[in-house]
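The next block holds one structure in the form of structure tokens; read it before the comments.
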Amino acid sequence: PFPPEAFGNTLLLHCKFGFHDLAADLLAENATLAYKFLATDLYEFLDASIMTHSSPEEAYRKFDLLTTKHIDNLRKLTKAIQDARLSRENETI
């Protein structure tokens, strides 16, 4: 009855406008939808965002873990692009 992106977008909008408590309630009441429609990275981001008010230290730790994971991936992709440019492989770039 709704697009798969709608649930995640609703949660992101709640967090964007400071309604972290409502986002937490929505996430808790719809755990099956969260499991079914939210990507792991989005769930981890929302979880950390919701925690910023209740436990800032834990939220910071979760954001730090997400950042580390994404930085490692970006470094690998950057290296692959640089290697492809050096070897002039236009199809790889």
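Going by the working numbering, the residue at position 44 of the sequence shown is 1221; the numbering climbs one at a time, nothing skipped. Think of the CB as a built atom: it goes at the ideal place given N, C-alpha and C, for glycine as much as any other residue. Everything numeric in this text was worked out from a predicted model, so none of it was measured.
Suppose you measure from the CA of residue i to the CA of residue j; what does that come to, to the nearest Å?
{"i": "Thr1209", "j": "Ser1264", "result": "47 Å"}
{"i": "His1274", "j": "Ala1236", "result": "Outside the shown range of the chain, which is 1178 to 1270, sits residue 1274, and nothing can be said about it."}
{"i": "Leu1189", "j": "Tyr1212", "result": "16 Å"}
{"i": "Pro1181", "j": "Thr1187", "result": "11 Å"}
Please state the DSSP three-state secondary structure of residue i.
{"i": "Glu1235", "result": "helix"}
{"i": "Lys1216", "result": "The amino acid at residue 1216 is misidentified as Lys; the sequence shows Ala. Coil, per DSSP."}
{"i": "Phe1179", "result": "coil"}
{"i": "Asn1250", "result": "helix"}
{"i": "Arg1262", "result": "helix"}
Any idea if residue i is buried or exposed, counting beta-carbon neighbours within 10 angstroms, 16 or more meaning buried?
{"i": "Phe1179", "result": "exposed"}
{"i": "Leu1223", "result": "buried"}
{"i": "His1230", "result": "exposed"}
Could you tell me whether any Cβ in chain D is nearer than 7 Å to the Cβ of residue i?
{"i": "Ile1258", "result": "In the structure shown, chain D does not exist; there is a single protein chain."}
If I'm right that residue i touches residue j with Cβ under 8 Å, what's the distance once you round it to whole angstroms?
{"i": "Ser1232", "j": "His1197", "result": "Not quite, the Cβ-Cβ distance comes to about 12 Å (not below 8 Å), so this is no contact."}
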